[in-house]
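Participant:
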Amino acid sequence: MEFTTLKGFKDILPEESARWQEIETNARALFSTFGYREIKTPVLEKTALFSRGIGRETDIVSKEMYSFEDIKGRGLTMRPEATASVVRAYIQHRLYRNYPIQKLYAMGPMFRHERPQKGRFRQFHQINVELFGDPGPQSDAEIIILAMYFFEMIGLRDLTLHLNSLGCPDCRPDFKEKLKRYLAERTSSLCADCQKRAQLNPLRVFDCKVETCKSVVQNAPAIPAFLCRDCRDHFGSLKATLDALNIPFEVNDRLVRGLDYYNRTTFEIQTEHLGAQNAVAGGGRYDGLVKTLGGPDHPAIGFAVGIERVVALLEASKPAELRKPDLFIAALGENVSLPAFQWMTALRKQGLWVELDYGGKSLKSQMKKANRLDAQNVLIVGDDEAAAKKAVLRDMNTGEQIDVGFNNLVSTLKDML
RNA sequence: GUGGGUGUAGCUCAGCUGGUAGAGCACUGGGUUGUGGCCUCAGUGGUCGUGGGUUCAAGUCCCAUCAUCCACCCCA
Numbered sequence: 080m081e082f083t084t085l086k087g088f089k090d091i092l093p094e095e096s097a098r099w100q101e102i103e104t105n106a107r108a109l110f111s112t113f114g115y116r117e118i119k120t121p122v123l124e125k126t127a128l129f130s131r132g133i134g135r136e137t138d139i140v141s142k143e144m145y146s147f148e149d150i151k152g153r154g155l156t157m158r159p160e161a162t163a164s165v166v167r168a169y170i171q172h173r174l175y176r177n178y179p180i181q182k183l184y185a186m187g188p189m190f191r192h193e194r195p196q197k198g199r200f201r202q203f204h205q206i207n208v209e210l211f212g213d214p215g216p217q218s219d220a221e222i223i224i225l226a227m228y229f230f231e232m233i234g235l236r237d238l239t240l241h242l243n244s245l246g247c248p249d250c251r252p253d254f255k256e257k258l259k260r261y262l263a264e265r266t267s268s269l270c271a272d273c274q275k276r277a278q279l280n281p282l283r284v285f286d287c288k289v290e291t292c293k294s295v296v297q298n299a300p301a302i303p304a305f306l307c308r309d310c311r312d313h314f315g316s317l318k319a320t321l322d323a324l325n326i327p328f329e330v331n332d333r334l335v336r337g338l339d340y341y342n343r344t345t346f347e348i349q350t351e352h353l354g355a356q357n358a359v360a361g362g363g364r365y366d367g368l369v370k371t372l373g374g375p376d377h378p379a380i381g382f383a384v385g386i387e388r389v390v391a392l393l394e395a396s397k398p399a400e401l402r403k404p405d406l407f408i409a410a411l412g413e414n415v416s417l418p419a420f421q422w423m424t425a426l427r428k429q430g431l432w433v434e435l436d437y438g439g440k441s442l443k444s445q446m447k448k449a450n451r452l453d454a455q456n457v458l459i460v461g462d463d464e465a466a467a468k469k470a471v472l473r474d475m476n477t478g479e480q481i482d483v484g485f486n487n488l489v490s491t492l493k494d495m496l
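And the structure:
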């Protein structure tokens, strides 16, 4: 085969697309009851939007972006995530002007040049939800509850909400310093990767799966002890709100997310059924990002759902509901093929799903085809029927057959089916 | 970027220690000159990922290459 999809890129075939539509429809319905409106932004942006927004040192920016120069030499990038683009739009169109609080969602493809594996692709799809303009913990709670309701609505079970607070510009630097110093004293016990992390982004060492690193981290300074008064109150209030709404969660002070813009609340919704890629959704607060990208100093919080991962989890459970054809017309002989085509077209215009075999096959093979399509009824029209000016309507579930006169055939069928 | 597994019919796979390919499902047709599902019979369909090598002989052994999956890293 000469032409196939690129590595890490996937066709979403018809069997699967029904599932995707189901997920997107549910998302739209739920989000609107929470007051969120859809925003669609381009997949292509200036490279600097992402490098400044996500952070130069992050894995995403330093080695995973699909970046290139266009014909005029401008640096462009296929978006590796949506938040930076949504923030850009928020600033560019001054969405904050008329309404102090903006609640937005977006869905679409993202691109990251990573090695594909289970639950991870180079083009993947996210549903993003962002709330701008409110710094309070109830917004954090709203966002998290929205995410949890979404998964409940589409029927995903066995999910765990992991929650953490990363502190703010007031308290994080202090913590980072202490941690750096602690790690520096134990460099020899760390794996090669963590030795680098200890310098660049010491928080990441918390994520390491190497045993020796884990034990080093065990007694390392923990984030909660360093949170400033405001951050501690914020986090405490969020937890209390979630408790009050019976949203179970686990505080996970090792939950460190890979994008630089997060502060205070971060969370991840995880599953046990996806191998190593266990996050189906992740997000957090990013109060400084709008300002960093040239906008006003507005706070924000949001999250992203990985659609492919949701689809993979749903696949194991129940199959998506599929529509079945209302009618299959088995036309025998050339003198009925045109009327059959006319009936079919008229019924389709009425909203019925009607199928017709153009191949002039035997009745038996047409019945087989109708059965394969799971058509609910078959209209049989041959020479006998043409002569008698009435067709035979067969109910494929019961096997009952009745005659339907050619006069007003379309409206009769429309009423019956 | 690193490591491991797998590449045989449209799909899922079998093929032992080398002797030029098989099953199930699917598809087409018959068993019912105009009636589906079940059953039954038959048929279509493969340069065994690709290129090289060893050999009288390679799907089977060796090398390379590509693809794919899984894992590391990181993330949705």
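To convert, take the position in the first sequence, counting from 1, and add 79; that gives our numbering.
Every residue gets a Cβ at the ideal spot worked out from N, C-alpha and C, and that includes glycine.
Fair warning: this is a prediction, and the values are worked out from it, not measured in the lab.
#1: Where Lys447 and Val415 are concerned, what is the direct C-alpha to C-alpha distance, given to the nearest angstrom?
#2: Expressed to the nearest angstrom, what Euclidean distance is found between the alpha-carbon atoms of Asp366 and Leu240?
#3: Check for me: the beta strand (DSSP E) holding Pro188 runs from which residue to which?
#4: Any idea what DSSP makes of Asp482, helix, strand or coil?
#5: Residues in its own chain within less than 8 angstroms of Asn476 by CB, not counting five upstream and five downstream?
#6: Go through its chain and collect everything with a Cβ distance to Ile481's Cβ below 8 angstroms, but skip five positions before and after it.
#7: Our contact map puts Ala226 next to Ile348 with C-beta atoms below 8 angstroms; I'd like the distance itself, whole angstroms only.
#8: Could you name the residues of the same chain whose beta carbon sits closer than 8 angstroms to that of Glu464, not counting the 5 residues immediately before and after it, in chain order?
#9: Entirely within the segment 418 to 479 and at least 4 residues each: give me those alpha helix (DSSP H) ranges in chain order.
#10: Drop a sphere of 10 angstroms on the beta-carbon of Asn96, count the other beta-carbons inside from all chains shown, and report buried for 16 or more, exposed for fewer.
#11: Note the first and the last residue of the continuous beta strand (DSSP E) segment covering Val208.
#12: I'd like the span of the beta strand (DSSP E) that includes Asn243, first residue to last.
#13: Assuming Pro216 and Leu317 make a contact with CB atoms under 8 angstroms, what is their CB distance in whole Å?
#14: Let me check understanding here. Comparing Cα to Cα, which of Asn280, Phe285, Leu210 lies closest to Tyr115?
#15: Determine the closest residue to Leu242 out of Asn342, Ala271, Ala127, Lys370, with distance taken between C-alpha atoms.
#16: Would you please state the rounded distance, in angstroms, between the beta carbons of Arg388 and Leu353? I believe it to be under 8 angstroms.
#17: Taking buried to mean at least 16 other C-beta atoms within 10 Å of its own C-beta, is Lys182 buried or exposed?
#18: Tell me the DSSP secondary structure of Tyr169 in three-state form.
Facilitator: By the coordinates alone:
#1: Residue mapping note: residue 447 aligns to position 368 of the first sequence, counting from 1. Residue mapping note: residue 415 aligns to position 336 of the first sequence, counting from 1. Rounded to the nearest angstrom, the two C-alpha atoms are 20 angstroms apart.
#2: Taking the first residue of the first sequence as 1, we reach residue 366 at position 287. Taking the first residue of the first sequence as 1, we reach residue 240 at position 161. The alpha-carbon atoms of Asp366 and Leu240 are separated by roughly 22 angstroms.
#3: The count along the first sequence starts at 1 and reaches residue 188 at position 109. Note, Pro188: beta strand (DSSP E), 181 to 190.
#4: Numbered from 1 along the first sequence, position 403 holds the residue referred to as residue 482. Looking at Asp482 - three-state DSSP - the assignment turns out to be strand.
#5: Taking the first residue of the first sequence as position 1, residue 476 is located at position 397. Once the five neighbours on either side are set aside, the close Cβ partners of Asn476 are Gln455.
#6: To locate residue 481, count along the first sequence from 1; it is residue 402. Cβ within range, chain order: Val471, Leu472.
#7: As a position in the first sequence, residue 226 is number 147, starting the count at 1. As a position in the first sequence, residue 348 is number 269, starting the count at 1. Yes, they are in contact, since the Cβ atoms of Ala226 and Ile348 sit about 6 angstroms apart, within 8 angstroms.
#8: Counted from its first residue, the first sequence places residue 464 at position 385. So the qualifying residues of the chain are Val415, Ala470, Val471.
#9: 442 to 452, 462 to 467
#10: As a first step, residue 96 must be located in the first sequence, where it is residue number 17. Note on identity: in this sequence residue 96 is Ser, with Asn being the wrong assignment. Ser96 is exposed by the Cβ-count criterion.
#11: Here residue 208 is taken as the residue at index 129 of the first sequence, counted from 1. Here the beta strand (DSSP E) through Val208 covers 202 to 211.
#12: Your numbering for residue 243 matches position 164 in the first sequence. Looking at the DSSP string, the run of the beta strand (DSSP E) that includes Asn243 is 239 to 244.
#13: Here the question's residue 216 lines up with position 137 in the first sequence. Here the question's residue 317 lines up with position 238 in the first sequence. Contact flag correct, Cβ pair sits at about 4 angstroms.
#14: For the purposes of this step, residue 115 is taken as the residue at position 36 of the first sequence. Looking at the Cα atoms, Leu210 is the closest of the given residues.
#15: Here residue 242 refers to the residue found at position 163 when the first sequence is read from its first residue. Minimum Cα distance to Leu242 is reached at Asn342.
#16: The residue given as residue 388 occupies position 309 in the first sequence. The residue given as residue 353 occupies position 274 in the first sequence. The pair is a contact, with the Cβ atoms about 6 angstroms apart (cut-off 8 angstroms).
#17: On the first sequence, position 103 is the one that residue 182 refers to. By the neighbour-count rule (16 or more Cβ atoms within 10 Å), Lys182 is buried.
#18: As a first step, residue 169 must be located in the first sequence, where it is residue number 90. Helix at Tyr169.
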